[in-house]
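I have placed the structure first, in the form of structure tokens, so that the comments after it can refer back to it.
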Amino acid sequence: MGIPGDFGSTLVGGLISAVLYGITTLQTYVYYMHDSGDASTIKFIVAGIWILDTLHASFMGHFLYHYLITNYGVPASLEYIVWSYPVRTAIFLQGT
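The numbering used here applies: residue 920 is where the sequence shown begins, and numbers increase by one.
See below:
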């Protein structure tokens, strides 16, 4: 497929992820603004999920920016993985 195709699909996935992050943020805001009387455990779970989603969006943005903006046209940058990808993977594998 080549570099343009691989990073093209990664960019599209990152953009879809960013849209879903925005929806999650809106839902979290609405949840906390309308006090539902839920147990504090549920409220902590909602906050934890939002924090994990925020971390995921941040690391994905860094990953895309590193390869598609900072190192655009630098094939040598593909020889190593940027730090945000293994950190993201390690964080989210802990939850499974």
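Just so you know, even glycine gets a beta-carbon here, dropped at the ideal spot from N, CA and C. The structure displayed is predicted, hence computed values, not measured ones.
Asked: Coarse secondary structure for Tyr991, derived from DSSP in three states; Found: coil
Asked: Residue closest to Ile968, alpha-carbon to alpha-carbon, out of Gln946, Val931, Gly933, Met952; Found: Gln946
Asked: Buried versus exposed call for Met979 [16 or more other C-beta atoms within 10 Å across all chains shown]; Found: buried
Asked: DSSP three-state assignment for Asp906, whether helix, strand or coil; Found: The first residue shown for the chain is 920 and the last is 1015, placing residue 906 beyond what the model contains.
Asked: Leu934, buried or exposed, once every other Cβ within 10 Å from all chains shown has been counted against 16; Found: exposed
Asked: Ile1000 - containing alpha helix (DSSP H), residue span; Found: Segment: none, Ile1000 is in no alpha helix (DSSP H) and carries neither H nor E.
Asked: Segment contact flag, the segment 959-977 with the segment 926-943, C-beta cutoff 8 angstroms, min 3 pairs; Found: yes
Asked: Host alpha helix (DSSP H) of His981 (start-end); Found: 959-984
Asked: CB of Ser996 within 7 angstroms of CB of Phe982, strictly; Found: no
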